[in-house]
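Undergrad: Start counting at 1 in the sequence shown, then tack on 708, and there's your number in the numbering used here.
Okay, handing you the structure first.
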Amino acid sequence: NKYAHAQSGEGGRLRLFPGYLDRYLASSAPQAVADYAAIAARHGLSPSAFAIAFCASRSFVGSTIIGATTIEQLRDNLAGFGATWTEEMEEEVEAVFAKYPDPWRMQVRDGG
């Protein structure tokens with residue numbers, strides 16, 4: 709998961725613009741990402757496949773745009789379309805969303 713290891717590696721999206729990584733790390737986003745990634749892992753999915761499964765489960769989403777640049781990423785993305793979204797997944801996502809409703813803007817947990 710590219711966001712789970714934001715401080716390592718060069719050329720990642722979080723390093724494209726000055727200050728962007730610092731704002732990310734100062735927000736609640738890393739904790740929210742970790743929570744969502746843990747849910748995905750419990751259900752046997754990568755974070756990106758889990759996110760695609762979430763989008764595919766929304767009746768109001770007409771299409772889901774993927775961003776694969778390698779065959780491995782494409783396979784991972786396509787796995788999300790094949791996943792069945794469950795009530796358990798929904799409840800777990802709702803719990804994380806309740807904890808971090810706007811993680812990029814939350815400088816401390818619970819909106820401090």
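Every residue gets a Cβ at the ideal spot worked out from N, C-alpha and C, and that includes glycine.
In this text, all values refer to a predicted model and were calculated from it rather than measured experimentally.
Write down the C-beta distance between P738 and Y732 rounded to the nearest angstrom, noting that I regard them as a contact closer than 8 angstroms.
TA: Yes, P738 and Y732 are in contact; Cβ-Cβ is about 7 angstroms, under 8 angstroms.
Undergrad: Give the straight-line distance between the Cα atoms of F758 and T778, rounded to the nearest whole angstrom.
TA: Approximately 18 angstroms between the Cα atoms of the pair.
Undergrad: Does the stretch 801-811 come within contact of the stretch 772-788, defined as at least 3 CB pairs closer than 8 angstroms?
TA: Judged by Cβ distances under 8 angstroms, the stretch 801-811 makes no contact with the stretch 772-788, as fewer than three pairs qualify.
Undergrad: Could you compute how far the alpha carbon of S736 sits from the alpha carbon of G790?
TA: If I take the Cα positions, the gap works out to 30 angstroms.
Undergrad: Which term fits V769, buried or exposed, when burial requires 16 or more other beta carbons within 10 angstroms of its beta carbon?
TA: V769 is exposed by the Cβ-count criterion.
Undergrad: Going along the chain, which unbroken runs of the alpha helix (DSSP H) with 4 or more residues stay wholly within the stretch 783-820?
TA: The stretch 783-820 contains these whole alpha helix (DSSP H) runs: 795-807.
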